[in-house]
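Per UniProt numbering, residue 1 is the first one in the sequence shown, and the count goes up by one each step.
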Amino acid sequence: MTTSSKYKYIRISMVIADAASFCCAILFLALILMNDCVVEEPAALWGKQLLDRPCDEIYVVGEGETLHTISEKCGDPYIVERNPHIHDPDDVFPGLVIKLVSLKSKP
1 MTTSSKYKYI RISMVIADAA SFCCAILFLA LILMNDCVVE EPAALWGKQL
51 LDRPCDEIYV VGEGETLHTI SEKCGDPYIV ERNPHIHDPD DVFPGLVIKL
101 VSLKSKP
């Protein structure tokens, strides 16, 4: 193999590598752009609808809620009596599941 054919082979290899690199960059850019076009998943929409619903029979305590605020919101003044697993009414934490019987009329 002569020196000129050796350089020609290297030059061709560089052109092929540059073309492959360019194609990969375009593909990567297309994937990024497609990621931004994703529509919100139905599960996320369903979760939002659950959060917007009025109080149900089973209620999950949220951040910053107390039994008093839940009682006012849902119209159930007997939360502690209906939930024997609540030993201390002041010890309510996010994620606690409680049973409610709403006295408010539902729309």
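We treat Cβ as the ideally placed atom computed from N, Cα and C, and that holds for glycine.
**Asked** Can we say the region 65 to 74 touches the region 91 to 104, given the rule of at least three CB pairs closer than 8 Å?
**Response** yes
**Prompt:** Which word fits C23, buried or exposed, when buried means at least 16 other C-beta atoms lie within 10 angstroms of its C-beta?
**Reply:** exposed
**Prompt:** In angstroms, rounded to a whole number, what distance separates the CA positions of D76 and V101?
**Reply:** 6 Å
**Message:** For I26 and N35, I'd like the C-alpha separation in whole angstroms.
**Reply:** 14 Å
**Item:** L31 to S21 span [Cα, whole Å]
**Value:** 15 Å
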